[in-house]
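For what it's worth, the working numbering labels the leading residue of the sequence shown as 958, then goes sequentially. Where is the CB? At the ideal position from N, CA and C, for every residue including glycine. Predicted model, so just to flag it, every value in this text is computed and none were measured.
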Amino acid sequence: MPGPERYRIAMGGWIAAAWCLGVSPVAAQLYDDAALQADAARYEERFNFLLERGLRDFLTAEERGAVEGVTVIHPLRGAGPLAFKFAPVAGEAPTIVAPAATLKFVEDLSVVYAWRYLQRQSLEPIDEYLAMLKHRADKFGAATSDPLSALGVPSRVWESNKAVDDLSLRFRNSAWAFLLAHELGHLRLGHLEKPRSAHESQQREAEADAFAVDVLARSGTIPMGAVLWLQASAGYMRNRSDFDSDAAYEAWLRDDASHPVNGTRMRHLASAMRDQARQAADANSAETLEFIAVRLEAIGEIVEDPEIQAYLRHCADVRRAEELSRADDRPCK
């Protein structure tokens, strides 16, 4: 099967740039309530700081006025591990819903990427994990379904390994900042009414993406964590593997998809990264932004490639959950 080799060529190496600088029942219960409650106060404090100092300080006066009164709430859980949304309600203060389970999932994935990269371990199991979580969550036991446990990361490794801690925080913080800025973009751009079509919804997503990367650029944030988030979304959310034909996939994109991680969206983001690279103040930032653009384009290609998607789904079927903790690349037989 040519799938694994094409997949590795498409995705190999993107994490190095950071160092230079439908829901299943198991997936919805990656963390028990006690674990989420233990982190909820920390997440709330961090998000308030991110909103007030990390983003609001870099908004124009007009933009600050448009997002005035917004609140961020942190229920323990959302509709799945990647739930995060702007929830306008007529007559009420604008609200962004950032579930603790989603923030923890992003935080844990950030640690996984950092640990595996610094240990020179394969990143291949991460995408297999997302595919297994999506298609074969029944393979996980309750104690092994979260990213850290499933992917073999030592317990609380960030406390003993400063390099892992530093790199994972770069991923986590920029991923959270991208998500929050994206939702602020919906508010700033007046996306308050229900979209009339899938096309309008997708256009709003593109506009909110553009707003987010612009605000992050003003704050001097290289959005490497956005790549992590979008790669996870591409693997876990609906994609080409969920449809029997290209025609069915295209019909879904045209008629029903509201927040797809597809080639069009990834190309728009890649174009924005290249614009920023051309305007970057130094060569290192320009190189990193260009590298991000290349990775975003690769995500767009992978999510729409039926051969690669079929391969990942095959891996979800034939892998044992215990194999995800391996350190090496290993084709699915």
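Beta-carbon proximity check, residue i vs residue j, cutoff 9 Å
i, j, result
"His1090", "Pro1056", "A small fix is needed here, since residue 1090 is Leu in this sequence, not His. No; because the gap between Cβ atoms is not below 9 Å, this pair is not in contact."
"Pro1082", "His1148", "no"
"Gln1078", "Ala1284", "yes"
"Leu1124", "Phe1168", "no"
"Gly1098", "Ala1278", "yes"
"Ile1259", "Ala1191", "yes"
"Val1027", "Val1068", "no"
"Ala1058", "Ala1040", "yes"
"Arg1093", "Asp1274", "yes"
"Leu1080", "Tyr1000", "no"
"Pro1263", "Asp1203", "yes"
"Glu1085", "Arg1276", "yes"
"Leu1269", "Ser1198", "yes"
"Val1218", "Leu1187", "yes"
"Ile1265", "Pro1180", "no"
Per-residue DSSP class, three states only, for residue i
i, result
"Val1029", "strand"
"Leu1080", "coil"
"Ala1284", "coil"
"Thr1101", "coil"
"Ala1278", "helix"
"Thr1017", "coil"
"His1271", "helix"
"Met1223", "helix"
"Ile1179", "coil"
"Glu1150", "coil"
"Arg1197", "helix"
"His1216", "coil"
"Gln986", "coil"
Opposing strand residues paired with residue i [DSSP bridges]
i, result
"Phe1043", "Ile1053"
Top-ranked residue by Cα proximity to residue i, from the options
i, options, result
"Ser1154", "His1216, Arg1113, Pro1263 and Glu1258", "His1216"
"Ala1183", "Ala1227, Glu1157, Asn1196 and Gln1159", "Ala1227"
"Ala1132", "Leu1008, Leu1185 and Ala1088", "Leu1185"
"Phe1006", "Glu1264, Leu1137, Asp1262 and Phe1248", "Leu1137"
"Leu1066", "Glu1264, Pro1038 and His1156", "Pro1038"
"Ala1267", "Tyr1086, Asn1196, Tyr1000 and Trp1072", "Asn1196"
"Cys1289", "Glu1049, Val1069 and Ala1088", "Ala1088"
"Leu1253", "Val1170, Arg1224, Asn1130 and Cys1272", "Arg1224"
"Leu1173", "Phe1135, Asp1095 and Arg999", "Phe1135"
"Gly1177", "His1156, Gln1233, Gly1220 and Val1218", "Gln1233"
"Thr1221", "Ala1237, Asp1239 and Ile1256", "Ile1256"
"Trp1209", "Asp989, Ala998, Ala1189 and Glu1261", "Glu1261"
"Asp989", "Thr1101, Arg1010 and Ala1071", "Thr1101"
"Gln1076", "Met1230, Phe1200 and Ala1120", "Ala1120"
Any non-hydrogen atom of the ligand NAP within 8 Å of residue i CB
i, result
"Val1024", "With respect to the ligand NAP, the structure shown offers nothing to examine, as it has no ligands at all."
Distance between beta carbons of residue j and residue i, contact taken as under 8 Å
i, j, result
"Arg1145", "Val1029", "With 8 Å as the limit, Arg1145 and Val1029 do not qualify as a contact, their Cβ atoms being about 15 Å apart."
"Pro1104", "Phe1062", "7 Å"
"His1139", "Asp1171", "Actually they do not touch by this definition, with Cβ atoms about 11 Å apart."
"Leu1108", "Ser1242", "The pair is not a contact, with the Cβ atoms about 30 Å apart (cut-off 8 Å)."
"Arg1010", "Glu1064", "Wrong, their Cβ atoms sit about 19 Å apart, outside the cutoff."
"Phe1015", "Arg1175", "4 Å"
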